[in-house]
Amino acid sequence: MPNVLGLDSSTQSLSAVILDTDSGEIIAEDSVNFGNDLPHYHQPHGYDESGVNGEVHANPLMWLEALDLLLGQMRESGVDFSAVMAVSGSGQQHGSVYLRSCFGEKIAALDSAQDLKGQLAGCLSRESSPIWMDSSTRVECEEVAAAVGGDKNVCAKSGSIAIERFTGSQIRKFSKINPRAYAETGVIHLVSSFLASVLAGKNVAIDHGDGAGMNLMNLAAGEWDEDLVNATADGLVEKLPPLAPSATISGPISPYFVEKYGFSPTCETVIWSGDNPCSLIGMGAASPGKLVISLGTSDTVFAAMPEPRTDPNGFGHVFGNPAGGYMSLICFKNGSLAREAVKEEFDLGWEAFEKEGLAATPTGNGGLMMLPFYEPEITPRLDTGGPIFSQEAKPSAEQSVRAVLEGQFLNMRAHFGWLGVEPTRVSITGGASANDGIAQVIANVFGVPVDRLDVPGSAGVGAGMRAAHALGGNLAELEAAFCQAKEGSTIEPEAGAKAVYDEMLVKFEGFLGEQG
Ligand code: XUL
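Using this note's numbering, you'd call the opening residue of the sequence shown number 372 and step up by one each time.
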């Protein structure tokens, strides 16, 4: 089996991994950080920080320049792209790129003596791209929902209620504030399909994984939903690329990359997906049964779903699973944000969150509970104005550490039931996943073993695995090769702990309910 390249265009960086599917090894890895390596865009964290009223945009030319820079620096360091048989990628979800009709012709005839940015800058009909952090479209969400009979209908059709960061409301806003530029737009791509098109040298499809994050795709049909598209903006259907299954091969890589970086002219391009669908693959969780918890600034919970279901409360999302079927994604805003707030309040180190630190307090914290919502939470949608405790006396530092962790993972348990997934294992990823104490609380709250995988950047690895899968590779074999638990890293639940949390969950749900 061949070498495959997985790219990951995330909020802050563009990274690449080359997987040798014979040996099961990652043979090359590299990354470009937008803030450090491309400082002239003045977007130190990958987006313009001067946006007002919740607007968060990024410069799409920065993503193009990053692609040239990354491939160039890999080639210089001796990477042989001629051995790569297929390439796919992962993009931060929801972000959109607005292009004139000439984009298709331009990417079909790129000159390898010039760069991507210079040749494609003139194709942008909107200079900046709204990204997933943008929350400026409350009004447009309400308008779209009202036009199709309410959020219940939006959710039943698209897998999510109308969400500010999702692409549909962002497109609607653009069509309202700049109708002329909207009219000049020939094609609207996601970050994923934009970069996939550049690699393929032609406009390619949006996959069902990322397409589901737009509030425009009919989840059951895997096609654009006429009602949602019409409710979003005039003439939108002609501007949307087609939708296709994630394992779609879009043809050989554009000559630009052959001439400039030494790719083989027979290297296949596979359409890209969103970072969460790619992570599902990269975490070895493509089949139902495994729950993945990603511990980041926000925490996310995702899992393959045995059947399509939507969250009756409207907090969770359903996307296409790149391996076929569906996946869920639930996002909790107060992730490391809340853990760090406790750490800072008591001037603690991370060892306070390790097993030894947690040993100072009992499982269940003697009944003390915390709603760990330092910032307004989105699951559930609740603004408590800061954390709330179930007792009046001020908790100690040790009690607060346990309370924030138990509160976070009980809140996850309280909100993932609609998936219909009874997890037999939980895999954790993200910065805080290395912490044994945090992993132990997760194992105890869910009552199942917790694995830490040996995957450096699950979205990029998942993109590479998707490329191999599209070429005919066996996904189970790819998972066995690339998604193994790190040796000695599995944490088993402690005896009796699950029973404590089963009882506590009922009280926690009541406590949540009291907040209205
Ligand atoms: C998911 C979401 C984020 C982005 C981050 O709905 O908004 O996870 O995909 O890259």
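For every residue, glycine included, the Cβ atom is placed at its ideal position computed from N, Cα and C.
Exercise. Buried or exposed: which applies to cysteine 473, given that a residue is buried once 16 or more other Cβ atoms fall within 10 Å of its Cβ?
Worked result: Numbered from 1 along the sequence shown, position 102 holds the residue referred to as residue 473. Exposed: under 16 other Cβ atoms inside 10 Å.
Exercise. Looking at C-beta atoms only, is the number of pairs between the segment 816–831 and the segment 850–869 that lie closer than 8 Å three or more?
Worked result: yes
Problem set entry | Local conformation of aspartate 670 per DSSP, three classes | Taking the first residue of the sequence shown as position 1, residue 670 is located at position 299. Looking at aspartate 670 - three-state DSSP - the assignment turns out to be strand.
For this session: Run the proximity test for tryptophan 503: is its beta-carbon closer than 6 Å to any non-hydrogen atom belonging to the ligand XUL?
Result: Walking along the sequence shown from the start, residue 503 turns up at place 132. Within the cutoff, so yes.
Exercise. In chain order, what residues of the same chain lie with their CB nearer than 7 Å to the CB of glutamate 725, ignoring the 5 residues before and after it?
Worked result: Stepping through the sequence shown from its first residue, residue 725 is reached at position 354. Excluding positions up to five away in sequence, the list reads Asn806, Asp807, Gly808.
For this session: Could you spell out the range, first to last residue, of the alpha helix (DSSP H) harbouring tyrosine 321?
Result: Outside the shown range of the chain (372 to 887) lies residue 321, about which nothing can therefore be said.
Problem set entry | Residue of Glu769, Phe545, Ala437, Val519 minimising C-alpha distance to leucine 599 | Taking the first residue of the sequence shown as 1, we reach residue 599 at position 228. When each option's Cα is compared against that of leucine 599, the closest is Val519.
Problem set entry | Collapsed DSSP secondary structure at phenylalanine 690 in the structure displayed | Translated into positions along the sequence shown, residue 690 becomes position 319. If DSSP states are grouped into helix, strand and coil, phenylalanine 690 belongs with the strands.
Exercise. Across which residues does DSSP place phenylalanine 897 in a beta bridge pair?
Worked result: With the chain covering 372 to 887 only, the question about residue 897 has no answer from this structure.
Exercise. Just the Cα atoms here: how many angstroms apart are glycine 622 and aspartate 439?
Worked result: For the purposes of this step, residue 622 is taken as the residue at position 251 of the sequence shown. For the purposes of this step, residue 439 is taken as the residue at position 68 of the sequence shown. The alpha-carbon atoms of glycine 622 and aspartate 439 are separated by roughly 20 Å.
Problem set entry | Cβ pair threonine 640, isoleucine 624 closer than 7 Å | Stepping through the sequence shown from its first residue, residue 640 is reached at position 269. Stepping through the sequence shown from its first residue, residue 624 is reached at position 253. Yes. Within cutoff.
For this session: Within its chain, find whatever has a CB closer than 8 Å to the CB of isoleucine 749; leave out the 5 residues flanking it on each side and keep chain order.
Result: The residue you call residue 749 lines up with position 378 of the sequence shown. Once the five neighbours on either side are set aside, the close Cβ partners of isoleucine 749 are Phe686, Cys702, Phe703, Lys704.
Problem set entry | Through-space distance from aspartate 482 to leucine 435, alpha-carbon basis | The residue labelled residue 435 in the question sits at position 64 within the sequence shown. The residue labelled residue 482 in the question sits at position 111 within the sequence shown. If I take the Cα positions, the gap works out to 14 Å.
Exercise. What is the rounded straight-line gap between the Cα of histidine 428 and the Cα of proline 751?
Worked result: Here residue 428 corresponds to residue number 57 of the sequence shown, with the count starting at 1. Here residue 751 corresponds to residue number 380 of the sequence shown, with the count starting at 1. Using only the alpha carbons, I get a separation of about 26 Å.
For this session: State yes or no: is the C-beta of glutamine 463 nearer than 6 Å to some heavy atom of the ligand XUL?
Result: Stepping through the sequence shown from its first residue, residue 463 is reached at position 92. Glutamine 463: yes, Cβ under 6 Å from the ligand XUL.
Exercise. Do glycine 818 and lysine 869 have their C-beta atoms closer together than 7 Å?
Worked result: Taking the first residue of the sequence shown as 1, we reach residue 818 at position 447. Taking the first residue of the sequence shown as 1, we reach residue 869 at position 498. In this structure, lysine 869 lies closer than 7 Å to glycine 818 by Cβ.
Exercise. Going by alpha carbons, who is nearest to glycine 843 out of Ala618, Met504, Gln463, Phe545?
Worked result: Numbered from its first residue, the sequence shown carries residue 843 at position 472. It is Ala618 whose Cα lies nearest to the Cα of glycine 843.
Exercise. Below 8 Å, can you find three or more Cβ-Cβ pairs linking the segment 784–802 to the segment 573–592?
Worked result: no
For this session: Taking all protein chains shown into account, decide if histidine 465 is buried (16 or more other Cβ within 10 angstroms of its Cβ) or exposed.
Result: On the sequence shown, position 94 is the one that residue 465 refers to. When all chains shown are included, histidine 465 counts as buried.
For this session: Tell me whether arginine 471 sits in a helix, a strand or coil according to DSSP, three-state version.
Result: On the sequence shown, residue 471 is found 100 positions in, with the first residue counted as 1. The answer is coil: DSSP assigns arginine 471 none of H, G, I, E or B.
For this session: With DSSP as the reference, label lysine 661 as helix, strand or coil.
Result: Stepping through the sequence shown from its first residue, residue 661 is reached at position 290. DSSP places lysine 661 in strand when its eight states are reduced to three.
Exercise. Can the beta-carbon of methionine 740 be found closer than 7 Å to that of valine 775?
Worked result: Here the question's residue 740 lines up with position 369 in the sequence shown. Here the question's residue 775 lines up with position 404 in the sequence shown. No; because the gap between Cβ atoms is not below 7 Å, this pair is not in contact.
Exercise. Can you tell me whether DSSP reads threonine 800 as helix, strand or coil?
Worked result: As a working mapping, residue 800 is identified with position 429 in the sequence shown. If DSSP states are grouped into helix, strand and coil, threonine 800 belongs with the strands.
Exercise. With burial defined as no fewer than 16 other Cβ atoms inside 10 Å of the residue's Cβ, what is the status of valine 832: buried or exposed?
Worked result: Within the sequence shown, the letter at position 461 stands for residue 832. By the 10 Å Cβ count, valine 832 comes out buried.
Exercise. If we ignore side chains and look at the alpha-carbon of each, how far apart do arginine 446 and serine 459 end up?
Worked result: The residue you call residue 446 lines up with position 75 of the sequence shown. The residue you call residue 459 lines up with position 88 of the sequence shown. Going by the C-alpha atoms only, they are around 18 Å apart.
For this session: On the DSSP bridge assignment, give the partners of glycine 377 in chain order.
Result: As a working mapping, residue 377 is identified with position 6 in the sequence shown. Note: glycine 377 sits in a beta bridge opposite Val388, Ser459.
For this session: May I ask whether a heavy atom of the ligand XUL can be found less than 6 Å away from the beta carbon of aspartate 646?
Result: The sequence position of residue 646 within the sequence shown is 275, counting from 1. For the ligand XUL, at least one heavy atom lies less than 6 Å from the Cβ of aspartate 646.
For this session: Determine the burial state of proline 747: buried for a count of at least 16 other Cβ atoms within 10 Å of its Cβ, exposed for fewer.
Result: On the sequence shown, position 376 is the one that residue 747 refers to. Exposed, because fewer than 16 other Cβ atoms sit within 10 Å of the Cβ of proline 747.
Exercise. Are threonine 392 and alanine 810 closer than 7 Å when you measure CB to CB?
Worked result: For the purposes of this step, residue 392 is identified with residue 21 of the sequence shown, where counting begins at 1. For the purposes of this step, residue 810 is identified with residue 439 of the sequence shown, where counting begins at 1. No. Outside cutoff.
Exercise. Beta carbon of cysteine 638, beta carbon of valine 455: below 7 Å?
Worked result: Residue numbering aside, residue 638 sits at position 267 when the sequence shown is read from its first letter. Residue numbering aside, residue 455 sits at position 84 when the sequence shown is read from its first letter. Yes.
Exercise. Exposed or buried, serine 394, counting other C-beta atoms within 10 Å across all chains shown (16 or more means buried)?
Worked result: If you number the sequence shown from 1, residue 394 lands on position 23. Exposed, by the Cβ-count rule.
Exercise. DSSP state of isoleucine 532, grouped into three classes?
Worked result: Taking the first residue of the sequence shown as position 1, residue 532 is located at position 161. Coil at isoleucine 532, not helix or strand.
For this session: Pick out the complete alpha helix (DSSP H) segments inside the segment 470–507, 4 residues or longer, and give them in chain order.
Result: 473–479, 487–491
Exercise. Are leucine 790 and alanine 694 touching if we call contact CB-CB under 7 Å?
Worked result: Counting from 1 along the sequence shown, the entry for residue 790 is found at position 419. Counting from 1 along the sequence shown, the entry for residue 694 is found at position 323. No, the pair does not count as a contact, with Cβ atoms beyond the cut-off.
Problem set entry | Three-state class that DSSP yields for asparagine 589 in the structure shown | For the purposes of this step, residue 589 is identified with residue 218 of the sequence shown, where counting begins at 1. In this structure, asparagine 589 counts as strand in the three-state DSSP scheme.
Exercise. Taking the C-alpha atoms as reference points, what is the distance between histidine 411 and glutamate 420?
Worked result: To locate residue 411, count along the sequence shown from 1; it is residue 40. To locate residue 420, count along the sequence shown from 1; it is residue 49. Roughly 14 Å separates the two Cα atoms.
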